[in-house]
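Working notes, structure below.
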């Protein structure tokens, strides 16, 4: 395993550029509407705050989709119950803050324990069922959770259909008062998670996960206990989704039960498919595309928005066959060449003007 | 005998469990309640089966998890409702439908010409999809000016809800007879024909194989002319046809509705498979995204055309009577007086919901079973489910069988939709909830197994209906005085739990093959 050392900054160039751009974006938008960086820093400027809110939602979605990509795109486990990881963490945060007086770090530790427990619960069925059956079993488990959350018998704790409301949020994470701080926290968590995920995929453990996706029998034959690797991927993925869920609970004023149903898992799947399966960066790009499309269509078209959303999916599948990042990777060589040729042709025009 | 027992152990155990379940539950409730609940479970199971069977055939042969199946079921119900309640709309739509279809019969002929162009793949795809979009846009433009009698979503007194209310009371609201006003008939007909030719040539260009078809296909030309003639005939005899449809007994009209629903399903299925699903066979996961997108489009279109609020569908006249001699005491009495209900012990059962739906479900079960087991096509389908590459290697055109199976599966779903509509009503959420039930039934029975689909649907129906019944009367928990009443959310939860338990012990489902 003697590979050339690549410096950290060079390796994660793109995500660091993304980080810097996102860092200054609220201030730039503030400038456009006429509020100075200082005002933006003090949480003034309506439009900048609005964009921050939209971006926080995108970051949370991206975190969720990235955890789904680790499970589905990297390890090859198609789960239809992923929303449960997200929703249970959101509900746990809300309920612990509302009904107990634990300090916030205890809440975080409990959520970590909860996410690991859920991953182990899903892993219980792992050795028995594979492929689409695993998807259906996880769907079943998540549906039971959704039904528990929406059932009227527990409405005192979960708020059933209306959702969980009125839980106190710690002052440090108060999004309505300190939106920029929350924005920076979410951005930081997203970027750190991405870098950790990338290095996980490049580590020997991550390589085994990819091998499981490609051919589980062969990975087993090489002497790896594939079940352990799958459980590890499940735990990491579950924990990331739980972090996203906690952020969601802290950011939103209420937790509605729709984040626990199949639709939300499908949202994650769609984001991964839009971005490109197994690319991780596709999850971030997909989250941007998905949320902006969804938001824009609902804003400008209104009722018929899901018609166009559906049409966009169909067009996507037909014309961007492997998702944005996936298709870009496939076509990069050809495009690079075409770009280079075009550039040279352009240069030639400037260098030697045609003689009369 | 021993081998038989060992081979069918899972099935036998399941049947035993059903038997025990039935015996136990029969003690908790009165005999009459018990039989009615069993009949209701059969009815619910039949509808689930119609969707699940198509789903499992498609998944088994094509490996496509068609998540738009529930939406297609819903479209079947709404189309059937249109034929049944608004025959005038149906007749008005018939001629444009024929015209738009007529172009498609010519794709084989058009391929001879489009095959001559040599284009790069990207250009070919762009041009063909552009032509399809152009054709559809032109058709939409002409249809918006074409005289079609429609209900009015804005005006409640002429909305779908009011129409079905009055049709249920045997009083038809005055139907419309529109004439060509906004567009001249010649322009309308020629425009529709032109648009269908444009998208047909787009589809012809889309096909991967570019070689020209050797023999000039006269059959497709004849079909084209027949469709054109049919369209012209329908336009000329529009009014008499509508009046005839209004006049005939509603039982016959219901049969027409069923036939139209199945035809729409078959057409939609064939169209979906040939244009959208076919390019995706080598990237299975993107089929999920495509069918999800199609499902969203379908639901939104149903909402745009038929409106958001749900409505009822009137029952056909043969199960509607309530006058003298009703409720009937026997089946013969029902046929004589066309009663809505039959006397059964002290209670009554509804003929349509609890007798006709299960009977039709069982008839379809047997018919498809015969198709699969006794015909050549069925043999190819079964072989394809086992090993697709081998069937292809034997020189059988599997692609055509794919289209056929997809069309058959969707046709079954739309049939289920129109069959369920009179008993469960129509609303825009009916597809999604039934698709979940069908998926659970398939997971229980085995994803690619046809008898498994039937068994799973039966189990799902039984569990759902018994939990609903116990929600009304309560269960006495043994050795205690507590009476437990399952709340409505437990109905889906119970089927889901059943699925999880079955899958944990039999990962492939009851009848599925073992890994």
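Chains as they are written, first to last, in the numbering used here: chain A, 118 to 473; chain B, 127 to 641.
In this text, a Cβ means the ideal position worked out from N, Cα and C, and glycines have one as well.
These numbers come from a predicted model, not from an experiment.
Pairing residue 629(B) with residue 137(B) gives a Cβ-Cβ distance that is not under 9 Å. When C-alpha distances from residue 295(B) are compared across 442(B), 534(B) and 131(B), the shortest belongs to 442(B).
Going by DSSP, residue 198(A) is part of no beta strand (DSSP E) at all; its letter is neither H nor E. The C-beta distance from residue 195(B) to residue 561(B) rounds to 6 Å, short enough to fall under 8 Å. With 16 or more other CB atoms across the displayed protein chains lying within 10 angstroms of its CB, residue 186(A) is buried. If the five residues before and after residue 503(B) are omitted, its C-beta is found closer than 8 Å to the C-beta atoms of 497, 527 and 530, all from its own chain and listed in chain order.
Using a 10 angstroms sphere on the CB of residue 129(B), the tally of other CB atoms stays under 16, which defines it as exposed. Non-local C-beta neighbours of residue 250(B) in its own chain, meaning closer than 7 Å and more than five positions away in sequence, comprise 331, ordered along the chain. For residue 475(B), the enclosing beta strand (DSSP E) starts and ends at 473-476. If you look at residue 369(A), you'll find it isn't in any beta strand (DSSP E); DSSP assigns it neither H nor E. In terms of Cβ geometry, residue 368(A) and residue 177(A) form a close pair [threshold 9 Å]. By the rule that beta-carbons nearer than 9 Å mark a contact, residue 258(A) touches chain B. Contacts between residue 270(A) and chain B, judged by CB atoms closer than 8 Å, involve 613 in chain order. With 16 or more neighbouring CB atoms inside 10 Å of its own CB, residue 162(B) falls in the buried class.
At a Cβ-Cβ threshold of 9 Å, residue 540(B) and residue 263(B) do not count as neighbours. Distance between residue 160(A) and residue 172(A), taken at the CA atoms: about 15 Å.
Between the alpha carbons of residue 344(A) and residue 512(B) lies a distance of about 29 Å. The CB of residue 249(A) comes closer than 9 Å to the CB of 185, 191, 569 and 573 in chain B, given here in chain order. The segment 321-330 of chain B makes contact with the segment 223-243 of chain B: 3 or more CB pairs, one atom from each, lie closer than 8 Å.
For residue 253(B), the three-state secondary structure derived from DSSP is helix. Per DSSP, reduced to three states, the secondary structure at residue 447(B) is strand.
By the C-beta density criterion, residue 157(B) is exposed, having fewer than 16 other C-beta atoms within 10 angstroms. Here residue 614(B) has 597 as same chain residues with Cβ atoms under 7 Å from its own Cβ, once five neighbours each way along the sequence are excluded. By the criterion of a C-beta distance shorter than 6 Å, residue 392(B) is surrounded in its chain by 533 and 537, once the five residues flanking it on both sides are discounted.
The count of Cβ pairs closer than 8 Å, one atom from the segment 236-255 of chain A and one from the segment 364-378 of chain A, stays below three, leaving the stretches out of contact. Excluding sequence positions up to five before and after residue 313(A), its CB lies less than 7 Å from no other CB in the same chain. Along the segment 423-450 of chain A, the positions whose C-beta sits under 9 Å from a C-beta of chain B are 423, 424, 425, 426, 427, 428, 429, 430, 431, 432, 433, 434, 435, 436, 438, 439 and 440, read in chain order. Counting C-beta atoms within 10 angstroms of its own C-beta, residue 212(B) has 16 or more neighbours from the protein chains shown and is therefore classed as buried. Comparing alpha carbon positions, the residue from 618(B), 153(B) and 209(B) closest to residue 374(B) is 209(B). Rounded to the nearest angstrom, the Cβ distance from residue 355(A) to residue 232(A) is 4 Å, consistent with a contact under 8 Å. A check of alpha carbon separations from residue 477(B) across 464(B), 585(B), 427(B) and 449(B) identifies 464(B) as the nearest.
Here residue 602(B) is bridged, per DSSP, to 609(B). Scanning chain B for C-beta atoms nearer than 9 Å to the C-beta of residue 267(A) yields 615, reported in chain order.
At a cut-off of 3 residues, the continuous stretches assigned as beta strand (DSSP E) that sit fully inside the segment 386-472 of chain B are 467-470.
If only complete runs of 4 or more residues are kept, the segment 231-314 of chain A shows the alpha helix (DSSP H) at 248-267 and 272-275, in order along the chain. Listed in chain order, the non-local C-beta contacts of residue 413(B) below 6 Å within the same chain comprise 190 and 406, local neighbours out to five positions each way being set aside.
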